[in-house]
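There are 2 protein chains.
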Amino acid sequence: MSNLSTTSDEILTSAQKLITAGGYNGFSYADIAAVVGIRKASIHHHFPSKVDLVRTLVQRYRGDAESGLAILEHHVPEPLDLIQAYADYWAKCIEDESIPFCVCALLASELPALPTEVAVEVRAFFESLSAWLTSVMGRGQQQGSLKISGATRVEAEAFMATVHGAMLSARAYGRPAVFGTILGPTLQRLKPE
Amino acid sequence: MSNLSTTSDEILTSAQKLITAGGYNGFSYADIAAVVGIRKASIHHHFPSKVDLVRTLVQRYRGDAESGLAILEHHVPEPLDLIQAYADYWAKCIEDESIPFCVCALLASELPALPTEVAVEVRAFFESLSAWLTSVMGRGQQQGSLKISGATRVEAEAFMATVHGAMLSARAYGRPAVFGTILGPTLQRLKPE
DNA sequence: GACAGACTACCTATCAGAAGGTAGACGCGT
DNA sequence: ACGCGTCTACCTTCTGATAGGTAGTCTGTC
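Sequences listed follow chains A and B, in order.
Position in the first sequence (from 1) plus 242 gives the number in this note's numbering.
Position in the second sequence (from 1) plus 242 gives the number in this note's numbering.
Here you go:
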């Protein structure tokens, strides 16, 4: 049955928290061991190397994101509401400090120093998210429910960049509200007059 | 005279390169020693601890940025041209890989894991850049040479976020051109009709 | 001009601790 | 009897940092 609070899940979850705080080189097996309450060697049983651990983590993260967005799309028909819901999701995560930063955004910033196996997964996440946003923007443009000036792909990339940059600023200032402040006018611009 | 290629400068410069690649925990004294061509211990002579080194680096980085923007402002009178010049500067840096990422943007992403002395400096950089952008936007709004919808401060924060996010995307995709693609429409929006 | 003292920049040697990782044994449920 | 998850114990390498020494430079005084 799905008692999914397995040890390997706990390892991945605590690794995610540690990575969102300090990146790939900002955590060690010892840190995870301390949080989960097992020994370092036991982590190696589940994930032979650090690369395995982080690759798996990013793969899971992307999978969760993709299915999460698919479910969201099922419940929210309007493109504008979808984009809004996506922004709200992050606003909430940052505000309550549950997921204060996107794992892949953080890993992307240190991409040149990452093992290639991980770098590939991070890139895949960006491509997946960008594709989703592009499709939503395209739908909105067709329906006339979104005001898109140029190419949908470009608009999607710009929006994603603003979201990531807003996360960064919220963190830099130590003020979660900054995220919402930045996203507000950005979303406003997408509304048809 | 100003033969400023001193060893401590070389140390700072190579540290900057290493940090823009992999962040605070992504480089070591050994890495710098190998690049500069001295022993690890000699770096400690110039910068007793790693915190000293990075704090000094970020201070210098902010100082350079502030004086650079002041000089730019002296040569370019029009607010829109200033913002454009700022964006072009980064587009060039990313394209030719000379400074492929903003040191402070990278450090901000791993802010929770940074020593407080460094975190403080990073925050100061964000505040300084945001203040400059706000002042330029304010001038543009007064003159009517910039189309500002809401508060200048918010507009400045949003622009800064987009710049940082665009850097991130360019890095994630491994395509420097993405930066320009994103900044294009962003700058377009600031132009009065 | 010469010498002493202070200072600068670097060196070798060494350290304690943390890093990622391995080997082999123990217990437990099937 | 087997395999899974965990353990203890250990290894190697790296990391930031220190101690102590050497050679050169700068400065002031006689």
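By construction, the Cβ of each residue, glycine as well, lies at the ideal position given by its N, Cα and C atoms.
Quick caveat: nothing in here was measured; it's all calculated off a predicted structure.
Could you tell me which of A:M402, A:H286 and A:Y328 sits nearest to Y415 (chain B), measuring between CA atoms? For the set A:M402, A:H286 and A:Y328, the Cα lying nearest the Cα of Y415 (chain B) is the one of A:M402.
Comparing C-alpha positions only, which one of B:V318, B:G422 and B:E397 sits nearest to L371 (chain B)? Taking only the C-alpha atoms, the option nearest L371 (chain B) is B:E397.
How about the region 372-388 of chain A and the region 346-362 of chain A: do they share at least three Cβ pairs that are nearer than 8 Å? No contact exists between the region 372-388 of chain A and the region 346-362 of chain A.
Would you mind stating whether T404 (chain A) and G279 (chain B) have Cβ atoms separated by less than 8 Å? Contact flag unset, no.
Can you look up L246 (chain A) in the DSSP assignment and give me helix, strand or coil? Confidence at L246 (chain A) is low in this model, with a pLDDT of 47, below 50, so its placement is unreliable and the value that follows should be read with caution. If DSSP states are grouped into helix, strand and coil, L246 (chain A) belongs with coil.
Closest residue to G386 (chain A) among A:E320, A:R365, A:A257 and A:V345 (Cα-Cα distance): Of the candidates A:E320, A:R365, A:A257 and A:V345, the residue whose Cα lies closest to the Cα of G386 (chain A) is A:E320.
Nearest-angstrom Cα separation, counted from D323 (chain B) out to R297 (chain A): Each residue's Cα considered, the two are about 43 Å apart.
Own chain residues within Cβ distance below 6 Å of F289 (chain B), not counting five before or after: Scanning its chain for C-beta atoms nearer than 6 Å, with the 5 sequence neighbours on each side dropped, one finds around F289 (chain B) the residues L295, in chain order.
If contact means a Cβ-Cβ distance below 8 Å, which residues of the region 387-421 of chain A contact chain B? Only those residues of the region 387-421 of chain A whose C-beta falls short of 8 Å from the nearest C-beta of chain B are listed: S391, G392, V396, E397, E399, A400, M402, A403, T404, V405, H406, G407, A408, L410, S411, R413, A414, Y415, G416 and V420.
S351 (chain B): which of A:A257, A:G264 and A:D330 sits nearest, CA to CA? Considering only alpha carbons, the answer is A:G264.
Give me the residue from A:V345, A:L311 and A:R413 with the minimum Cα distance to E337 (chain A). Nearest option by C-alpha distance: A:R413.
When we look at the beta-carbon of I313 (chain A) and count the other beta-carbons within 10 Å, is it buried (16 or more) or exposed? With fewer than 16 other Cβ atoms within 10 Å, it is exposed.
So within the region 355-410 of chain B, which uninterrupted alpha helix (DSSP H) runs reach at least 4 residues, ignoring any that extend past its ends? The qualifying runs are 358-385.
At least 3 beta-carbon pairs within less than 8 Å: the region 333-347 of chain B vs the region 420-431 of chain B: Flag = yes, the region 333-347 of chain B and the region 420-431 of chain B touch.
With H, G and I counted as helix, E and B as strand and the rest as coil, what does DSSP make of G265 (chain A)? Judged by DSSP in its simplified three-state form, G265 (chain A) adopts coil rather than helix or strand.
Who are the near neighbours of N245 (chain B) in its chain, counting only those whose CB is closer than 7 Å to its CB and skipping five residues on each side? Per-residue confidence for N245 (chain B) stands at a pLDDT of 37, beneath the threshold of 50, marking its modelled position as unreliable; the derived number appears in the next sentence. By the criterion of a C-beta distance shorter than 7 Å, N245 (chain B) is surrounded by no residue of its chain, once the five residues flanking it on both sides are discounted.
The alpha helix (DSSP H) spanning S284 (chain B) covers which residue range? In the DSSP assignment, S284 (chain B) falls within the alpha helix (DSSP H) that extends over K282 to H288.
Along the chain, where does the alpha helix (DSSP H) that runs through F421 (chain A) open and close? That run of the alpha helix (DSSP H) goes A419 to Q430.
Would I274 (chain B) and I253 (chain B) qualify as a contact pair, given that the criterion is a beta-carbon distance under 8 Å? Contact flag set, yes.
For the region 345-361 of chain B, enumerate the residues whose C-beta is nearer than 7 Å to any C-beta of chain A, in chain order. Cβ contacts with chain A: A347, L348, A350, S351, E352, L353, P354 and A355.
Identify which residue in A:S284, A:L429, A:E363 and A:V360 has its Cα closest to the Cα of T249 (chain A). In terms of Cα proximity to T249 (chain A), the closest of A:S284, A:L429, A:E363 and A:V360 is A:S284.
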